[in-house]
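Participant:
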Amino acid sequence: MKSTKLPPSEMNKLNRLLSFIYYQSNIWKTMKIHTTITMLIFFVVGLQPIYGSNSPDTLRFEGLLTKEILKNTDINGTLLNDLDVTRNHHILLATGTQFYLLGWGGIQPLGGVFDGHINAFTINKEGFVVAIHNQDLCYLDNNDNLSKILTLPNTNMGVVAGDSLLYVYDKDPISRCNFYVVFKGGRYIKLFTSPVPVTAVTEVKGKLVFTTGTKVLSFNPVEGELQSMASLGNGNKIISLAYDKHNDIIFFSTQQSIFYIKNTKVYKLSDQYGGFLKFFQDGLIIFSPENNSMVRLVGISNQL
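Residues 1 to 304 (UniProt numbering) make up the sequence shown, in order.
Okay, here's the thing in structure tokens:
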């Protein structure tokens with residue numbers, strides 16, 4: 001399919017719909033504006049279509065989290081900016097001391113309350129929850145306890161799971177960033193150092209794609225090659241990345257906007273709303289902790 005920017009009329013519809021989902025209290029109602037919006041309730045069955053066309057050319061909007069859901073949940077602290085999807089298709093969230101599963105009927109705690117602080121988490125290829133707890137890299141065991149894998153060089157670090165490797169990196173907002181790769185058996189080695197802070201990381205075809213300020217860069221660990229992929233003006237800080245493997249599309253976002261890279265070209269998807277991203281199956285999940293909202297744009301890649 002030819003890579004083209006969404007027509008202004010379609011972008012306006014998208015922004016109006018996102019505005020409705022983020023800020024209106026009657027999100028449970030179905031809107032009849034060209035596409036179907038559903039409020040997804042999925043704790044038992046996970047992320048699955050409820051109704052509407054399953055055509056690959058159909059764009060569907062699913063509301064996953066609202067302020068109303070959080071009001072009925074006893075959240076222990078403030079939700080982190082991380083999110084992932086479990087093997088049972090539930091959305092994994094966390095505060096600094098506890099994990100939560102977002103699903104059917106709302107949010108349920110996963111395990112107990114931990115001492116110390118959860119800094120970041122991801123789900124690896126085998127389906128295990130891997131987290132950075134204080135200065136330790138840990139995994140969530142069968143008893144829902146955090147079991148130590150190894151001690152990391154710093155406390156404020158992020159973690160991301162690749163197809164076969166696990167990466168950790170410094171998250172200090174004012175200094176350089178060291179990238180490490182973690183091997184089975186509790187070993188890690190440094191890959192490279194970014195001279196500026198890094199805000200988001202994902203793996204794309206064996207390369208590390210990451211963001212620094214207003215730029216998206218890629219690093220080839222085999223060849224040691226660093227390339228620029230995108231750059232935003234006006235000081236718009238990029239906060240998140242997501243990758244659609246099937247369609248080879250990289251999404252990235254600021255607090256107010258969402259962009260994507262397709263066939264090495266950069267396009268704008270939304271110019272009014274942003275947040276933290278995760279691509280799952282055929283949908284882009286957008287999480288806004290500030291607004292306590294989360295939506296999934298199902299079939300979005302087929303429209304690009």
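Quick reminder that beta carbons are idealized off the backbone N, C-alpha and C, glycines included. Just so it is clear, the structure is predicted and the values come from calculations on it, not from any experiment.
Helix, strand or coil: which one does DSSP assign to residue 22?
Facilitator: Here the model assigns residue 22 a pLDDT of 47, short of 50, so the residue's position is not dependable, and the following value carries that caveat. DSSP places residue 22 in helix when its eight states are reduced to three.
Participant: Comparing alpha-carbon positions, which option in 159, 115, 291, 280 lies nearest residue 250?
Facilitator: Among 159, 115, 291, 280, the Cα nearest to that of residue 250 belongs to 280.
Participant: Who are the Cβ neighbours of residue 203 in its own chain at under 6 Å, not counting the five residues just before and after it?
Facilitator: For residue 203, where only same-chain residues beyond five positions count, the Cβ hits under 6 Å are 162.
Participant: With a threshold of 6 Å on Cβ separation, who are the neighbours of residue 150 within its own chain once the five nearest residues in sequence on each side are excluded?
Facilitator: So the qualifying residues of the chain are 137, 186.
Participant: What do you get for residue 184, buried or exposed, if any count of 16 or more other CB atoms within 10 angstroms of its CB means buried?
Facilitator: Residue 184 should be labelled exposed.
Participant: What residue does the beta strand (DSSP E) around residue 191 start on, and which one ends it?
Facilitator: Looking at the DSSP string, the run of the beta strand (DSSP E) that includes residue 191 is 187 to 194.
Participant: Just how far apart, CA to CA, sit residue 258 and residue 274?
Facilitator: Rounded to whole angstroms, residue 258 to residue 274 spans 5 Å at the Cα level.
Participant: In the DSSP assignment, what are the bridge partners of residue 157?
Facilitator: In the DSSP output, where bridge partners are listed per residue, residue 157 has 170.
Participant: Does residue 87 pass the burial test, meaning 16 or more other C-beta atoms within 10 Å, or should it be called exposed?
Facilitator: Classification of residue 87: exposed, given that the 10 Å Cβ count is below 16.
Participant: DSSP puts residue 210 in a beta bridge; with which residues?
Facilitator: Paired residue(s): 201, 217.
Participant: Tell me whether the region 72 to 89 and the region 105 to 123 touch, counting them as touching only if at least three CB pairs, one residue from each stretch, are closer than 8 Å.
Facilitator: The region 72 to 89 vs the region 105 to 123: in contact.
Participant: Going by DSSP in three states, residue 88 sits in which element: helix, strand or coil?
Facilitator: Of the three classes helix, strand and coil, the one that applies to residue 88 here is coil, per DSSP.
Participant: Using the Cβ count rule (16 or more neighbours within 10 Å means buried), how would you classify residue 210?
Facilitator: So residue 210 ends up on the buried side.
Participant: Let me know if residue 226 comes out buried or exposed under the rule of 16 or more other beta-carbons within 10 Å of its beta-carbon.
Facilitator: Counting Cβ neighbours within 10 Å, residue 226 comes out exposed, since fewer than 16 surround it.
Participant: Between the C-alpha atoms of residue 61 and residue 159, what's the straight-line distance to the nearest angstrom?
Facilitator: C-alpha separation (whole angstroms): 29 Å.
Participant: As a quick exercise: from 191, 288, 132, pick the residue whose alpha carbon is nearest that of residue 115.
Facilitator: Measuring from the Cα of residue 115, the nearest candidate turns out to be 132.
Participant: Can you give me the Cβ contacts of residue 224 inside the same chain, cut-off strictly under 8 Å, excluding the 5 residues immediately before and after it?
Facilitator: The residues are 192.
Participant: According to DSSP, is residue 98 helix, strand or coil?
Facilitator: Coil.
Participant: Using the Cβ count rule (16 or more neighbours within 10 Å means buried), how would you classify residue 199?
Facilitator: That one is buried.
Participant: Pick helix, strand or coil for residue 286, following the three-state DSSP scheme.
Facilitator: If DSSP states are grouped into helix, strand and coil, residue 286 belongs with the strands.
Participant: Under the rule that 16 or more other beta-carbon atoms within 10 Å means buried, what is residue 270, buried or exposed?
Facilitator: Label assigned to residue 270: buried.
Participant: Who does residue 108 pair with in a DSSP beta bridge?
Facilitator: 101, per the DSSP bridge assignment.
Participant: Could you pull the start and end residues of the beta strand (DSSP E) that residue 262 belongs to?
Facilitator: 258 to 262 is the extent of the beta strand (DSSP E) around residue 262.
Participant: Use the C-beta contact count for residue 298: other C-beta atoms within 10 angstroms, 16 or more gives buried, fewer gives exposed.
Facilitator: Burial call: buried.
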